[in-house]
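Note that the sequence shown covers residues 26 to 127 in our numbering. Note that beta-carbon positions come from the ideal geometry of N, C-alpha and C, so glycine has one too. Small disclaimer: the values here were computed from a predicted structure and weren't measured. What follows is one structure encoded as structure tokens, with my remarks underneath.
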Amino acid sequence: KRHRSDELTNNAMCVVLRRGEDIDGDEGAERDSTIMGGKDVVVNLSKNYFQTSSNQTPETPKSPPSKKKKSHLVHIGFQQIKRMDIRQGHVIFIKNREIGAC
26 KRHRSDELTN NAMCVVLRRG EDIDGDEGAE RDSTIMGGKD VVVNLSKNYF
76 QTSSNQTPET PKSPPSKKKK SHLVHIGFQQ IKRMDIRQGH VIFIKNREIG
126 AC
């Protein structure tokens with residue numbers, strides 16, 4: 026009975042967050058179309074804050090001015106994968122009140 030249960034659990038579909046370009050580059054990678062219609066979320070990474078004590082305001086690090094303007098926008102997509110394919114470093118998307126194998 027345990028092996029049947031493990032197979033169902035390991036093959037359950039889960040959703041992980043990945044860079045949109047990585048999802049597009051992988052053969053067989055499938056976006057989850059139920060979340061935002063399969064579109065990417067654009068995340069701005071231009072601000073970095075250091076953790077400070079509660080009575081101080083966050084400080085932004087001072088960086089030398091760069092000649093090239095780097096893009097700090099990252100496109101994040103929602104990819105469907107089997108639970109057994111979840112690896113270290115994957116960020117798992119869990120819907121509100123979702124109870125399942127993930």
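For G102, the enclosing beta strand (DSSP E) starts and ends at L98 to K107. Residue pairing by DSSP places N35 in no beta bridge whatsoever. When the Cα atoms are used, R108 and I101 turn out to be separated by approximately 20 Å. When Cβ pairs closer than 8 Å are counted between the two stretches, the stretch 36-43 is seen to touch the stretch 109-116, the count reaching three or more. Annotation for V68: V99 and I101 place their beta carbon closer than 6 Å to its own, counting only its chain and skipping 5 residues before and after.
The three-state reading of DSSP puts E46 in helix, counting H, G and I together.
Listed as beta-bridge partners of N69 by DSSP are L98. From the listed residues L70, S71, V66 and D110, the smallest Cα separation to E46 is found for V66.
Around H97, the same chain offers N69, L70 and S71 as residues with beta carbons nearer than 8 Å, after the five sequence neighbours per side are excluded.
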